[in-house]
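Residue numbers (full-length UniProt numbering), protein chains in the order written: chain Y, 1 to 330; chain U, 1 to 330. No residue lacks a Cβ here, since even glycine has one placed at the ideal position from N, Cα and C. Remember, it's a predicted structure, so these values are computed and weren't measured experimentally.
Number of protein chains: 2
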Amino acid sequence: MQRRVTIEDIAREAGVSRQTVTRAMNGMPRISEATRARILEISERLGYRPSRFASNLARTSKTKTIAFVVDSFRNPYYSELAADLLDAASARGWQMTIVSHEDEPELQLISRLANQVDAVVGYLGQTDEAALTAAARGVPLVLLGRTATAEGLHSVDFDFGPAFAHLVDELRKRGSKRFGLLESQPLGAVYKPSTRRIAYEDAVDPVSAEAVVVCEAPPQSVDAGELGFNELMDRFPETDTVIAFSDLMAMGALRAAHRRGIDVPGQVRLVGVDGLSLGAVTSPALTTLAILGTAFAEQIADVIGEALDGAGDSAERRRTALPILWRESA
Amino acid sequence: MQRRVTIEDIAREAGVSRQTVTRAMNGMPRISEATRARILEISERLGYRPSRFASNLARTSKTKTIAFVVDSFRNPYYSELAADLLDAASARGWQMTIVSHEDEPELQLISRLANQVDAVVGYLGQTDEAALTAAARGVPLVLLGRTATAEGLHSVDFDFGPAFAHLVDELRKRGSKRFGLLESQPLGAVYKPSTRRIAYEDAVDPVSAEAVVVCEAPPQSVDAGELGFNELMDRFPETDTVIAFSDLMAMGALRAAHRRGIDVPGQVRLVGVDGLSLGAVTSPALTTLAILGTAFAEQIADVIGEALDGAGDSAERRRTALPILWRESA
DNA sequence: CTGAAAGCGCTAACAA
DNA sequence: TTGTTAGCGCTTTCAG
Numbered sequence: 001m002q003r004r005v006t007i008e009d010i011a012r013e014a015g016v017s018r019q020t021v022t023r024a025m026n027g028m029p030r031i032s033e034a035t036r037a038r039i040l041e042i043s044e045r046l047g048y049r050p051s052r053f054a055s056n057l058a059r060t061s062k063t064k065t066i067a068f069v070v071d072s073f074r075n076p077y078y079s080e081l082a083a084d085l086l087d088a089a090s091a092r093g094w095q096m097t098i099v100s101h102e103d104e105p106e107l108q109l110i111s112r113l114a115n116q117v118d119a120v121v122g123y124l125g126q127t128d129e130a131a132l133t134a135a136a137r138g139v140p141l142v143l144l145g146r147t148a149t150a151e152g153l154h155s156v157d158f159d160f161g162p163a164f165a166h167l168v169d170e171l172r173k174r175g176s177k178r179f180g181l182l183e184s185q186p187l188g189a190v191y192k193p194s195t196r197r198i199a200y201e202d203a204v205d206p207v208s209a210e211a212v213v214v215c216e217a218p219p220q221s222v223d224a225g226e227l228g229f230n231e232l233m234d235r236f237p238e239t240d241t242v243i244a245f246s247d248l249m250a251m252g253a254l255r256a257a258h259r260r261g262i263d264v265p266g267q268v269r270l271v272g273v274d275g276l277s278l279g280a281v282t283s284p285a286l287t288t289l290a291i292l293g294t295a296f297a298e299q300i301a302d303v304i305g306e307a308l309d310g311a312g313d314s315a316e317r318r319r320t321a322l323p324i325l326w327r328e329s330a
Numbered sequence: 001m002q003r004r005v006t007i008e009d010i011a012r013e014a015g016v017s018r019q020t021v022t023r024a025m026n027g028m029p030r031i032s033e034a035t036r037a038r039i040l041e042i043s044e045r046l047g048y049r050p051s052r053f054a055s056n057l058a059r060t061s062k063t064k065t066i067a068f069v070v071d072s073f074r075n076p077y078y079s080e081l082a083a084d085l086l087d088a089a090s091a092r093g094w095q096m097t098i099v100s101h102e103d104e105p106e107l108q109l110i111s112r113l114a115n116q117v118d119a120v121v122g123y124l125g126q127t128d129e130a131a132l133t134a135a136a137r138g139v140p141l142v143l144l145g146r147t148a149t150a151e152g153l154h155s156v157d158f159d160f161g162p163a164f165a166h167l168v169d170e171l172r173k174r175g176s177k178r179f180g181l182l183e184s185q186p187l188g189a190v191y192k193p194s195t196r197r198i199a200y201e202d203a204v205d206p207v208s209a210e211a212v213v214v215c216e217a218p219p220q221s222v223d224a225g226e227l228g229f230n231e232l233m234d235r236f237p238e239t240d241t242v243i244a245f246s247d248l249m250a251m252g253a254l255r256a257a258h259r260r261g262i263d264v265p266g267q268v269r270l271v272g273v274d275g276l277s278l279g280a281v282t283s284p285a286l287t288t289l290a291i292l293g294t295a296f297a298e299q300i301a302d303v304i305g306e307a308l309d310g311a312g313d314s315a316e317r318r319r320t321a322l323p324i325l326w327r328e329s330a
């Protein structure tokens with residue numbers, strides 16, 4: 001392996017000091033155009049590449065980088081959230097790197113990230129909070145979609161309770177009587193009702209609370225939604241309003257409805273959860289309980305900001321409200 | 001601003017040397033469990049956060065970070081490409097940061113990135129190659145969707161010529177006679193036929209070559225596709241095969257076809273370009289000239305890899321083939 | 001098992 | 001306009 005070309009080499013070649021090279025390279029003042037041009041020419045000839053670690057170490061204002069961890073980046077929910085977060089991050093002058101942890105064990109991923117970024121945010125599944133904190137080795141961690149309890153752990157969670165209560169209320173005003181629910185479940189896992197489901201059951205009448213289908217195949221997918229909708233309508237034909245726990249599933253339900261000749265929203269109203277922009281291009285466009293959007297991303301960014309500044313003692317914990325995005329399907 | 005807590009502070013507090021602290025923090029051997037535990041406790045109490053710049057500077061194997069620059073991350077084409085690229089990057093042990101350049105001038109963005117990452121790859125619009133190279137200050141640049149000519153600039157371009165020839169050929173075999181084309185154009189820009197259009201015109205018969213609609217409103221959008229399809233069918237009712245220059249436009253065309261009661265592929269065959277996974281969930285599913293996929297991402301990653309290793313002298317330039325993804329719409 | 005010394009490559013502050 | 005002197009905070013030899 002070749003020794004790296006440093007400013008030292010350029011300085012020697014040009015017969016100037018390292019400082020002069022720095023000035024030339026970074027477009028700083030107090031240097032003559034002639035020497036700058038000469039140095040630039042030499043650095044190119046020598047194949048010089050600055051070391052960002054060295055420069056950031058020496059520099060007073062260091063660039064902040066945060067890592068956003070998702071399950072799979074192919075899920076539009078994550079990519080849209082990433083887009084929102086990216087905007088919020090660059091508005092604050094941060095870099096954001098996106099990491100998907102397909103196979104790598106979560107704790108290992110976190111400790112790897114810990115010496116590459118200044119904060120880690122994402123949907124982390126690991127429930128042992130002490131282990132998470134330990135793996136982060138002092139780097140702030142912001143958990144999404146759950147509420148942290150351990151000291152020093154930050155989190156932004158959703159307020160599903162009020163959201164479902166409000167949604168069901170509004171739907172009733174529009175004539176909904178019998179609700180049905182489409183939930184999905186990771187393949188082969190032991191079923192455990194989600195916080196969403198619990199919030200939903202609190203919001204609807206007892207009969208509706210029974211009409212729940214838990215889709216088995218590929219969770220959160222369009223196919224799961226299609227399968228689930230069919231099963232739901234077979235088992236609970238009275239259903240006049242279907243709530244799917246993700247927009248992708250709702251899209252599958254929409255497709256199933258088309259195929260069965262069920263008019264949406266004429267015969268069955270359909271509501272998703274997530275707020276995917278994709279939901280706007282289906283026909284009919286999808287009404288949804290919107291998680292995504294600038295508000296959520298800004299809130300996350302604020303939490304990160306405080307975590308970055310804070311000495312690490314006080315932990316930020318927020319709960320975010322979910323507005324209803326009325327479109328055509330309900 | 002507080003002075004930062006360093007290993008020095010911990011060492012002093014613990015009454016050991018800095019090296020011992022390093023050993024404790026990084027889980028290195030040759031240290032007793034007792035002192036490790038004590039040091040970890042102290043570092044937590046003091047709120048120590050390692051400096052990734054210092055550690056990477058001192059470390060022999062540095063982590064590589066590449067930046068992927070896109071127009072807007074809300075376009076599924078870019079987010080799917082990002083996902084592919086992310087896989088290729090993490091397989092190589094690289095970090096990837098995604099940057100969208102909404103307002104920031106491109107050259108400024110590049111020179112900013114130049115001291116934060118080890119390579120920049122993306123769809124860069126700037127045509128002045130010398131300016132690009134200068135802005136990158138020695139950091140390798142990989143241009144996508146165009147072919148670089150200047151020295152030291154890498155690129156991965158598409159081979160539209162053979163792709164369209166092959167596509168048109170295959171479609172003819174399936175009975176297509178009259179082709180129509182949907183292109184889109186940035187709002188308010190002077191129209192300049194794309195390389196895709198030129199390749200297309202070379203592939204079809206003269207009459208078909210006339211049937212081209214350039215959509216004006218939001219380029220590459222579903223709406224543009226819908227508008228364009230309507231105009232195309234009004235002006236060229238003989239058309240039996242529509243090629244849209246992006247999958248999103250094709251999705252809009254599909255919607256328009258449904259609304260006009262035109263059966264796809266029965267009356268009109270429809271083909272998109274991009275290979276979005278989204279195209280698999282429309283009904284009928286979208287046939288497309290696939291850009292996306294592991295092959296493209298791997299090719300890009302290879303180019304980046306060589307750029308990262310290479311002394312910067314030889315430039316890698318590749319052209320990638322586009323396979324046809326036959327689904328239901330054609 | 002622990003410590004001392006010597007950098008990693010660059011920039012800030014000052015002096016010339 | 002240029003050079004000098006100190007670091008930035010950490011890890012890597014190599015001794016002890």
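Collapsed DSSP secondary structure at residue i in the structure displayed
i	result
Met1/U	Model confidence at Met1/U stands at a pLDDT of 49, short of 50, so the residue's coordinates are unreliable and nothing is read from them.
Ser155/Y	strand
Phe179/Y	strand
Lys142/Y	The sequence shown places Val at residue 142/Y, rather than the Lys named in the question. It is a strand residue.
Gly305/Y	helix
Phe68/U	strand
Ile291/Y	coil
Ser43/U	helix
Thr241/U	strand
Arg12/Y	helix
Val99/U	strand
Leu270/Y	strand
Beta-carbon proximity list for residue i, same chain, < 7 Å, skipping 5 on both sides
i	result
Ala307/Y	Ala119, Pro140, Val142, His154 and Glu316
residue 400/Y	The structure shown does not extend to residue 400/Y, since chain Y is modelled only from 1 through 330, so no value can be given for it.
Chain U contact for residue i (CB, 8 Å cutoff)
i	result
Glu106/Y	no
Met25/Y	yes
Gln220/Y	no
Lys173/Y	no
Gln19/Y	no
Leu81/Y	no
Phe245/Y	no
Ile304/Y	no
Ala54/Y	yes
Residues near residue i by beta carbon distance below 6 Å, same chain, minus five either side
i	result
Arg137/U	Ala114
Contact set for residue i: own chain, Cβ-Cβ below 8 Å, skip 5 residues either direction
i	result
Thr35/U	Ala14, Val16, Thr20 and Ala24
Phe296/U	Leu81, Asp84, Val156 and Thr320
Distance CB(residue i)-CB(residue j) smaller than 8 Å
i	j	result
Asp84/U	Thr320/U	no
Leu182/U	Gly225/U	yes
Ser194/U	Gln220/U	no
Tyr77/Y	Ser246/Y	yes
Ala211/U	Leu232/U	yes
Ala189/U	Leu270/U	no
Pro265/Y	Glu328/Y	yes
Leu167/U	Ile291/U	no
CB contact check: residue i to chain Y, cutoff 8 Å
i	result
Val168/U	no
Pro29/U	no
Lys62/U	yes
Glu201/U	no
Thr35/U	no
residue 369/U	As shown, chain U starts at 1 and ends at 330. That puts residue 369/U outside it, with no answer to give.
Leu86/U	yes
Ile110/U	no
Phe73/U	yes
Rounded separation between residue i and residue j - CA only
i	j	result
Ile66/U	Val121/U	7 Å
Ser111/Y	Ser72/Y	19 Å
Pro162/U	Val273/U	14 Å
Gly279/U	Met28/U	50 Å
Arg255/Y	Asn75/Y	19 Å
residue 344/Y	Ala148/Y	Outside the shown range of chain Y, which is 1 to 330, sits residue 344/Y, and nothing can be said about it.
His101/Y	Ala89/U	13 Å
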